[in-house]
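Chains A and B, in that order, give the protein sequences. Letter by letter, the first sequence follows residues 123 to 318 in the numbering used here. Letter by letter, the second sequence follows residues 123 to 318 in the numbering used here. In this text, a Cβ means the ideal position worked out from N, Cα and C, and glycines have one as well. So the structure is just underneath, and the comments pick up after that.
There are 2 protein chains.
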Amino acid sequence: MTRTAGSSGKKTLAAIREAGLDLIHEHGFEAMSLRQLATRVGLQPGSLYNHIETKQDLLFDLIHNHMVTLLASADDALEGISDPLDELKAFIAFHLTYHIERKREVFIGSSELRSLEPKNRKKIVALRRTYEDRLCGILERGAAKRLFKIEDIAVSAYAILAMLTGICTWYDAKGRIDRKTLIDIHTRLVLQGVLK
Amino acid sequence: MTRTAGSSGKKTLAAIREAGLDLIHEHGFEAMSLRQLATRVGLQPGSLYNHIETKQDLLFDLIHNHMVTLLASADDALEGISDPLDELKAFIAFHLTYHIERKREVFIGSSELRSLEPKNRKKIVALRRTYEDRLCGILERGAAKRLFKIEDIAVSAYAILAMLTGICTWYDAKGRIDRKTLIDIHTRLVLQGVLK
DNA sequence: TGAATACGAACGTATGATCGTTTTTATAAA
DNA sequence: TTTATAAAAACGATCATACGTTCGTATTCA
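Set out below in structure tokens:
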């Protein structure tokens, strides 16, 4: 990918982010070199610094952007639903769909928390906590209405999230199971584990 | 008196493995340097090569050892149990207990498959498949006896494994929940999702 | 005393980041 | 439509340091 001086910085930054996701996914953040990144984008190493502050800032930007978009999309998907059972179904379908399409981001967002500076890591963990709380809220409301029977809200929420997220590292969109079937099976599994 | 083959060498190799698990967990395999590893063990970099073949061999050794031990332990835990429901309960308890105690190995065993040479990766994936088949077998036998009602054996197995394994990356042994409670909650969650 | 183990220097190459310079582009005045 | 100009973006050299691995030699100890 050749790139001429002074060309659109927005496009270049987008290309850097995309290549960054690939390279971190392939090699891990620490092992990804800015020279590899520059080569893949079609730049000299030094030119990257016209678009990013530091390597660390790029990592934070990628993970932060993922979390913020995840939260906003979830709130979007749940908007206007008031019945906890419907909320739970919508959450499951949303979470699966969203995560299947962003395997790299999901992988990096969990495995590379270690590479974030403490200040940055705290921000991400807080966002993740907020997302988890969306599911906890659904479970709580369902339990309060005696629709769900849940031994421990937090543990159940973690278990559900672990199941739904974990499946995405395994799921092959071109495989035997189509997306709708995947969602159906998991909806049944979760509901049976939670319904009264 | 014959010299115990590698008497002090055995200890050194154990220390290398232990430090290796730590460092790969902290930095990722590619980013872990043999100089860091040597320093942590108290050796010069070159001396590592009295105990390992290459950096790649160390990674394979760590993951392979984990998988082989996992399989053997699982077969141990399931031995003599014939009722599918009891098998499933035993599997859940075993998997949780085993994985909680080996967070580093579990993390490395999934995130660093990317760093294994193809030949090595194939061996690990085959072992993982064998382990997954243990659970699939339990689910199949349970379904055949009409104890379980399962839409898709393989997907359900993946979902259960994802849930049980994922929880281990989150679980804090010193936290609010003790191990027995954790096992109880997950046993209930899984059984409800699977029982007829 | 001989095998196991450790040392320490060396190989060529790669690392994240900086900086002064050059090129390109967008904008607006002429 | 042409031209002037400043901001944006890319270049390319440079810094000190680190990389995995090899190898000849020295040390340790059953």
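Query: Contacts of Ser278(B) in chain A (Cβ-Cβ under 9 Å); Result: Ile307, Leu311
Query: Three-state secondary structure assigned by DSSP to Leu165(B); Result: coil
Query: Buried versus exposed call for Leu247(A) [16 or more other C-beta atoms within 10 Å across all chains shown]; Result: The sequence given here places Val at residue 247(A); Leu does not occur at that position. So Val247(A) ends up on the exposed side.
Query: From Glu209(B), Leu200(B), Leu145(B), residue whose alpha carbon lies closest to that of Leu180(B); Result: Leu145(B)
Query: Under 8 Å between C-beta atoms of Ile272(B) and Ala265(B); Result: yes
Query: Beta-carbon neighbours of Met285(A), restricted to chain B and to distances below 8 Å; Result: Ala281, Ile282, Ala284, Met285, Gly288
Query: Supposed close pair Arg157(A), Ala141(A) - CB separation, criterion 8 Å; Result: Going by Cβ atoms, the distance from Arg157(A) to Ala141(A) rounds to 12 Å, so no, they are not a contact pair.
Query: The stretch 151 to 170 of chain B: positions lying closer than 9 Å to chain A by Cβ; Result: Phe151, Glu152, Ala153, Met154
Query: Three-state secondary structure (DSSP) of Phe151(A); Result: coil
Query: Option nearest Asp198(B) by Cα separation, candidates Asp183(B), Phe182(B), Ala215(B); Result: Ala215(B)
Query: Within-8 Å CB hit, Arg268(A) to chain B; Result: no
Query: Residues, ordered as in the chain, of the stretch 212 to 244 of chain A that lie near chain B by beta-carbon distance below 7 Å; Result: Ser233, Arg236
Query: Beta-carbon separation (whole angstroms), Tyr280(A) vs Leu192(A), contact threshold 8 Å; Result: In fact, because the Cβ distance is near 17 Å, the residues do not count as touching under 8 Å.
Query: Distance between Ser195(B) and Glu227(A) (C-alpha atoms, nearest Å); Result: 34 Å
Query: Listed by chain order, chain B residues near Glu209(A) by CB distance under 7 Å; Result: By Cβ distance, chain B contributes nothing, its closest Cβ being about 19 Å from Glu209(A), past 7 Å.
Query: For Leu156(A), three-class secondary structure by DSSP; Result: helix
Query: Exposure of Glu209(B), with buried meaning 16 or more beta-carbon neighbours within 10 Å; Result: buried
Query: Chain A contact for Asp300(B) (CB, 8 Å cutoff); Result: no
Query: Length-filtered (4 minimum) alpha helix (DSSP H) runs lying within the stretch 245 to 307 of chain B; Result: 275 to 292
Query: Cβ neighbour criterion (16 or more within 10 Å) applied to Val190(A); Result: exposed
Query: Distance between Leu200(B) and Leu170(B) (C-alpha atoms, nearest Å); Result: 39 Å
Query: Within chain B, partners of Gln314(A) - CB distance below 7 Å; Result: Gln314, Gly315
Query: Minimum Cβ-Cβ distance from His149(A) to chain B less than 8 Å; Result: yes
Query: Thr303(A) classed as buried or exposed, judged by whether at least 16 other C-beta atoms fall within 10 angstroms; Result: exposed
Query: Contact set between Asp274(B) and chain A, taken where Cβ atoms lie within less than 7 Å; Result: Ile307
Query: CB contact flag (Gly288(A), Gly288(B), <8 Å); Result: yes
Query: DSSP bridge partner residues for Leu193(B) (one or two, in chain order); Result: In DSSP, Leu193(B) forms no bridge with anything.
Query: Beta-carbon separation (whole angstroms), His147(A) vs Leu218(A), contact threshold 8 Å; Result: Wrong, their Cβ atoms sit about 20 Å apart, outside the cutoff.
Query: Leu238(A) (DSSP reduced to helix, strand or coil); Result: coil
Query: Residues that Leu317(A) bridges to, as DSSP identifies them; Result: Phe270(A)
Query: Whole-number beta carbon distance between Ala295(A) and Ile320(A), since they are thought to touch under 8 Å; Result: Since the first residue shown for chain A is 123 and the last is 318, residue 320(A) is missing from the structure and cannot be characterised.
Query: Minimum C-alpha distance to Glu175(A) - residue among Val316(A), Pro240(A), Ile138(A); Result: Ile138(A)
Query: Ser233(B) classed as buried or exposed, judged by whether at least 16 other C-beta atoms fall within 10 angstroms; Result: buried
Query: Alpha carbon of Ala127(B) to alpha carbon of Tyr293(A), nearest angstrom; Result: Any reading at Ala127(B) is ruled out, since the residue's pLDDT is 39, under 50, leaving its predicted position unreliable.
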